[in-house]
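Numbering (the numbering used here), first residue to last: 23 to 650.
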């Protein structure tokens, strides 16, 4: 469900309490996202502005985010023009997904300066644009739009701001009963006329570029015309005729109409019952008209997650209610945008690590075959000794030797293959050489099998870590693979980034107020376990399953904290989707890293095992912050 005009209205209504607030800090944690830290009016908070092409949105947020060491250029520009400024107004353009934030601040000379931040929440065309309030000149945009991209408008520094193309839609909150019914009849008649008398293109007196220019200068008339016939597609007609109306809201109107009319499907032609359709339409619009929002989320009839700023009767199953639209959007979107970005960034790493794992699995199978062959070493020794004991009975050119095996209790006869080109003595020597070769290789094969098995476990651990990785975690995993010699260093010479002394860790707070640290990759795992934790802190990890190191940083805590820490260990592991996951817990003093072991690998003792089933909803409710 995309964010529509009614949801945008709810957001703007909620943010009115921040009129007069000061923008104290501005960050750009991701390519498409901005975070404004607000102080003063409204009690303060963090405002997320996102022009993400898949998940565009604007709402208050409680999520912690890691900011880049060097702020992007657009972030620096916003800091220059808006940081320290006061928000004078937050408005919506009609019922469109466009929000204007007016900011008043002082420039370098101390003069009062007014800027307007325009947030356009329009799917892949979403943008955040900073303009001069007085002139409408664009200072810059988070996404540039050049003439080669769009012939309608340009979003570049110095260009005049042009609004997105206007549509001939009506504001659904301003229309009355008689207008609605008249519009419905007019649309039905227009659709009938169009079907009966298809219009032929008129010959224009003016042609070419001048005609196109004149057409673009003609303002679209907000009359709700065009679109499908209400009788054929009532929901489609409403989406086409009214601004800010999503298919979800139009579907809710039809759902309420059917409830009014009785059994669904008996009155499929809404044109015969315009009063009832208006009643259903008005019942959905009234809360939005009065700014009486009640955000909800849940599943539709097809099991797809949806959310709304107004109550929905069409939701199937359990609905979740929220106090504010920001809480609803925060819960609905969650970390979807970051997960999408992470998925794009880790595809090459997952492919590389998967290939390494496959190579080692194949190598392990080959080593196992060699081990089985080497297991026959004693047989070659026995053959060699039997041949030496019977040299007087053998001749060069023999292809086999039939000898009594005096090593066998039953003294059974044994057939030994011979090379006819070799003498009996050379044949015996050949078997002794093979015996010594396999005997010496047994130790090497066992060592190689151990190393190969460790490689497979290491690769599986990295794959598990990538499944839970944030953008920051990805870079740390990539650096680890470079340091271990698996990948080449892609950074340019002379421009190597200074490594952080301490990694950024996700810290959860238990229901008893105790800090629980979670390592999301090997760098974080080693830091949490080997450097940060005290000897009497409690350490947890899934038993024989790749996963995160979890540390309870306290000597005193209750069963609730221990159970929540075990939940975190199971959730951030390869067994995330399993039930009754075994989680070992012991004191840090009993955890140690073997010399020469892979990053993140430890051995431990004095453990006890808990069995938990990961509960994602419970984990999401635990307060957490990023801490370095």
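We put the CB at the ideal spot given by N, CA and C, even for glycine. This one's a predicted model, so the numbers in the text were calculated from it and none came from an experiment.
Asked, Found
"Length at least 3, wholly inside the stretch 315-342: the beta strand (DSSP E) runs in chain order", "318-321 and 327-330"
"Pairwise C-alpha distance: residue 596 and residue 567", "6 Å"
"Cβ pair count under 8 Å reaching 3, the stretch 302-314 against the stretch 193-212", "yes"
"Extent of the continuous alpha helix (DSSP H) run through residue 529", "Per DSSP, residue 529 belongs to no alpha helix (DSSP H); it is in the beta strand (DSSP E), 527-531."
"Inter-stretch contact at 8 Å, needing at least 3 Cβ pairs: the stretch 477-494 / the stretch 343-355", "no"
"Residue 12 - partner residues in DSSP beta bridges", "One cannot answer for residue 12 here, as it falls past the ends of the chain, which runs 23 to 650."
"Beta-carbon proximity check, residue 110 vs residue 126, cutoff 8 Å", "yes"
"Within 8 Å, strictly: CB atoms of residue 422 and residue 440", "yes"
"Secondary structure of residue 225, DSSP reduced to three states", "Reliability of the predicted coordinates at residue 225 is poor, the pLDDT of 48 falling under 50, and the value obtained from them is presented with this limitation in mind. In this structure, residue 225 counts as coil in the three-state DSSP scheme."
"Burial state of residue 472 (16 or more Cβ within 10 Å)", "exposed"
"Among 52, 271 and 276, nearest to residue 94 - alpha-carbon criterion", "52"
"Outcome for residue 539 when other beta-carbon atoms lying within 10 angstroms are tallied against a minimum of 16", "buried"
"Unbroken alpha helix (DSSP H) run spanning residue 448, endpoints", "446-489"
"Sub-8 Å separation of residue 315 and residue 489 beta-carbons", "no"
"C-beta atoms of residue 87 and residue 57 nearer than 8 Å", "yes"
"Residues of its chain near residue 141, where Cβ-Cβ distance is below 6 Å and the 5 sequence neighbours each way are ignored", "71, 80, 121 and 150"
"Distance between residue 115 and residue 310 (C-alpha atoms, nearest Å)", "15 Å"
"Proximity of residue 206 and residue 269 at Cβ, strictly below 8 Å", "no"
"Neighbour-count burial assignment, residue 260, 16 or more Cβ in a 10 Å radius", "buried"
"Nearest-angstrom Cα separation, counted from residue 630 out to residue 556", "19 Å"
"Supposed contact pair residue 591 and residue 562 - C-beta distance, whole angstroms, cut 8 Å", "4 Å"
"Residues near residue 468 by beta carbon distance below 6 Å, same chain, minus five either side", "none"
"Residue 281 versus residue 37 - alpha carbon distance", "35 Å"
"Within 8 Å, strictly: CB atoms of residue 186 and residue 144", "yes"
"Among 91, 90, 66 and 50, nearest to residue 73 - alpha-carbon criterion", "50"
"Identity of the residue in 76, 549, 398 and 336 nearest residue 147 by Cα", "76"
"Spatial neighbours of residue 286 in its chain, beta-carbon cut-off 7 Å, leaving aside the 5 residues before and after", "Because the pLDDT of residue 286 is 47, which lies under 50, any placement of that residue in the model is unreliable, and the number read from its coordinates should be weighed accordingly. 280."
"Opposing strand residues paired with residue 439 [DSSP bridges]", "422"
"Terminal residues of the alpha helix (DSSP H) in which residue 35 lies", "27-37"
"DSSP beta-bridge partners of residue 377", "DSSP, once it has assigned bridges, lists no residue as partnering residue 377."
"Check whether residue 113 and residue 42 have beta carbons under 8 Å apart", "no"
"Rounded Cβ spacing between residue 413 and residue 447 (contact assumed at less than 8 Å)", "6 Å"
"Whether residue 138 touches residue 124 by CB criterion (8 Å)", "yes"
"Burial state of residue 443 (16 or more Cβ within 10 Å)", "exposed"
"Boundaries (first-last residue) of the alpha helix (DSSP H) holding residue 545", "544-548"
"Where the beta strand (DSSP E) containing residue 399 begins and where it ends", "Note, residue 399: premise wrong, no beta strand (DSSP E); alpha helix (DSSP H) at 399-411."
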